[in-house]
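Note sheet for the following structure.
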Amino acid sequence: MAFLTLEGLVKSYGSFKAIDGLNLEVQQGEFVALLGPSGCGKTTTLQSIAGFVQPTEGRVVLNGRDITHVRPEARGLGIVFQSYALFPHMTVAQNISFGLEMRGVAKAERARRIAEALDLVRLGGLGERYPKALSGGQRQRVAIARALAIRPDLLLLDEPMSNLDAKLREEMHIELRAIQRDLGITTILVTHDQVEAMTMSDRIAVMQRGRIVQIDTPFEAYERPHSPFASAFLGKTNAFAGAVQHRNARCCDVQVQGALLHVPHEDRALGNDVNVYIRPEKLRLTQAGLGRLNGHVRLRVFLGNLWLIAVDSHLGLVHMTQPNLGSLPPDEGSEVGLDWSDDDLRLLDREIAHGQV
Ligand code: ATP
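Mapping the sequence shown onto the numbering used here, position 271 (from 1) lands on 271, and the numbers just tick up by one.
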């Protein structure tokens with residue numbers, strides 16, 4: 001049985017449904033990210049688990065216990081929100097101690113847990129500092145220590161890193177993930193940052209309009225998106241509109257602007273309007289005439305570890321990336337070829353594409 005189950009969750013505000021029949025099962029010790037654009041219902045879902053939002057329909061079951069109507073403070077959850085407000089007039093240790101006192105933890109045990117939580121987030125020795133004497137990243141870690149010190153059954157994180165600069169955020173992703181693994185705390189993260197979701201979670205639940213439209217490991221979700229929405233939300237992709245010209249049970253040939261793209265492992269009816277997708281990193285540059293598609297380099301952007309190259313072709317503008325291996329790619333304006341493996345092409349029906357993007 002799952003450790004956390006959300007069953008047919010609905011949250012209506014008048015005729016608007018912020019959550020619209022959401023089902024989710026999370027295993028003990030698992031880290032699941034709710035990922036989606038602004039307004040898709042991520043926070044409302046998290047708040048329903050926390051007990052700050054009362055669902056209109058459905059149930060929240062934690063470790064076999066129906067907690068749908070249990071008061072937030074009686075749910076035993078650790079929560080870290082975007083505005084991780086620490087009490088400014090209290091030291092770091094007092095901030096962490098507060099939740100423990102509320103739960104009636106005895107003094108000696110409190111001191112032990114505060115030291116343990118600070119060690120976990122690598123802030124040992126800073127217990128007597130006040131929040132204003134800490135950096136943003138350190139304050140963030142205190143907020144996490146405060147949530148961990150109560151030994152929660154479930155840790156809820158709502159965009160906890162959004163106030164940090166990019167480099168610190170990257171470090172915190174890795175640190176927090178390591179702490180979560182060590183402690184084996186079941187964790188739900190809300191984010192609209194796909195890198196954050198990918199770095200930290202065991203599974204990503206992609207949300208759209210109050211529902212989960214796909215839930216998979218980060219690799220599966222990226223490699224095999226179920227919809228154009230999921231495909232576009234998880235990284236960048238090239239899309240080519242076409243129609244199925246030949247098919248058998250194991251592949252389709254799709255006519256795209258006079259070119260025939262062979263898509264294995266897909267079966268669609270003849271004449272079906274489809275989109276063929278390929279990720280930029282799956283394309284390779286060749287000399288002109290040696291690839292499957294010719295074009296001219298319109299734009300060449302250096303990103304340090306990568307080159308981003310846009311190629312004008314008769315299929316339209318095609319984006320590709322290649323690792324920086326120390327030599328310059330062809331100049332803007334050069335004629336080049338593009339090549340790929342058929343296995344890297346993905347196919348989705350066009351009606352779905354229009355309905356969901
Ligand atoms: P963000 O990433 O911007 O925080 P989100 O995915 O977390 O977005 P929610 O905060 O869950 O989205 O909101 C989902 C939808 O419900 C939004 O359209 C929001 O305007 C609406 N909503 C949330 N709370 C209320 C409320 N109290 N009354 C009316 N509508 C609400």
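Ideal placement from N, C-alpha and C gives every residue a C-beta, glycine not left out. The structure displayed is predicted, hence computed values, not measured ones.
Legend entry - Endpoints, the alpha helix (DSSP H) within which Ile144 is located: Gly136 to Ala149
Inset, instruction - Please indicate yes or no: does the CB of Cys40 lie closer than 6 Å to some heavy atom of the ligand ATP? - result: yes
Inset, instruction - Return yes when at least one heavy atom of the ligand ATP lies under 6 Å from the C-beta of Ala18, else no. - result: yes
Legend entry - Thr43 CB to nearest heavy atom of the ligand ATP below 6 Å: yes
Legend entry - Proximity winner among Asn248, Ala243, Glu220 and Cys252, relative to Gly271 (alpha-carbon distances): Ala243
Legend entry - the ligand ATP heavy atom lying under 6 Å from the CB of His296: no
Inset, instruction - Measure from the alpha carbon of Ser201 to the alpha carbon of each residue in Lys167, Leu156, Asn95 and Lys236, then state which is nearest. - result: Leu156
Inset, instruction - Inspect the beta-carbon positions of Arg59 and Glu101 and report whether they are closer than 7 Å. - result: no
Inset, instruction - Just confirm the distance between the C-beta atoms of Ile309 and Leu347, as a whole number of angstroms; I'd bet it's less than 8 Å. - result: Contact flag wrong, Cβ pair sits at about 24 Å.
Inset, instruction - Taking only heavy atoms of the ligand ATP into account, decide whether any of them is closer than 6 Å to the Cβ of Tyr277. - result: no
Legend entry - Residues of its chain near Gly99, where Cβ-Cβ distance is below 7 Å and the 5 sequence neighbours each way are ignored: Arg146, Ala149 and Ile150
Legend entry - Buried or exposed by the 16-neighbour rule on C-beta atoms within 10 Å, applied to Thr68: buried
Inset, instruction - Note down, in chain order, each residue of its chain lying with its Cβ closer than 8 Å to the Cβ of Gly355, except the 5 sequence neighbours on either side. - result: Legend: pLDDT at Gly355 = 39, less than 50; position of this residue unreliable, no value from coordinates given.
Legend entry - Close beta carbons around Arg209, own chain, < 8 Å, minus the five adjacent residues each side: Asp20, Cys40 and Gly41
Legend entry - contact_flag[the region 223 to 237, the region 250 to 267] where n(CB pairs < 8 Å) is 3 or more: no
Inset, instruction - Could you say if the region 184 to 192 and the region 108 to 124 meet the contact criterion of at least three C-beta pairs nearer than 8 Å? - result: no
Inset, instruction - Flag His192 as yes when its Cβ comes closer than 6 Å to any non-hydrogen atom of the ligand ATP, and as no otherwise. - result: yes
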